[in-house]
Structures are given as structure tokens and as C-alpha cells.
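Asks:
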Amino acid sequence: MLFTGAYDRAWVPQKPSPPLPTFLARLFYQMWATAGQYTDPGMDYYEQKYQEMILKNLRNKAHAQGLEIVPISPEQQNTLSSPTLDT
Numbered sequence: 011m012l013f014t015g016a017y018d019r020a021w022v023p024q025k026p027s028p029p030l031p032t033f034l035a036r037l038f039y040q041m042w043a044t045a046g047q048y049t050d051p052g053m054d055y056y057e058q059k060y061q062e063m064i065l066k067n068l069r070n071k072a073h074a075q076g077l078e079i080v081p082i083s084p085e086q087q088n089t090l091s092s093p094t095l096d097t
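Counting from 11, one number per residue, gives the positions in the sequence shown under my numbering.
Now the structure itself:
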């Protein structure tokens, strides 16, 4: 049996993985087309994708409840504070 590692573990909960011959064919073609060169996109790429996924899920949840997500500008973010009784 061929061990495909994290490929199978990462995708099993979300969707069924393609059959092993399809997976191997795609892997072979990718290696053949790029002459075996692999470029790691880096941690920043994966962090950005994760943040986009979190924001997308938050927007979907807000939309389901009839709400809208509004971004806060950096200037407003610095002036926001919890309400106090100082007047």
C-alpha cells in the first residue's frame, strides 16, 4: 500500500479523496511538467489563505443571521475603546 501521508488525512473530513491512480497521475504530471522543481510558497502564503478562509466563514455566518461585516480602518481601530464613565 502506498502511503500518501497528510494528503489523505487533510481531505478525508471535507471531501473524499480522488482514487489513488488519479492522485498518482496528477502527482506524476506535476513533477514531469515542472521538471521536479518544487517551490515552497512559504508560511506567509498559508497564513494569508487561512485568514481569508476565516473571514469568508465569518461573513457567511453573519449573512445567515442577516448581518454584515464592516471593516474597521486602522485610524478608527486606534481610537476605539470600551465605554467608560469618564466625561
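Using N, Cα and C, we set each Cβ at its ideal position, and we do this for glycine too.
Just to confirm the assignment, what range does the alpha helix (DSSP H) spanning T32 have?
Replies: L30 to A43 is the extent of the alpha helix (DSSP H) around T32.
Asks: Ends of the alpha helix (DSSP H) at L68?
Replies: M53 to A74
Asks: Go ahead and pull the three-state DSSP assignment for P84.
Replies: It is helical.
Asks: Taking the alpha-carbon positions, what's the T49 to G76 distance?
Replies: 42 Å
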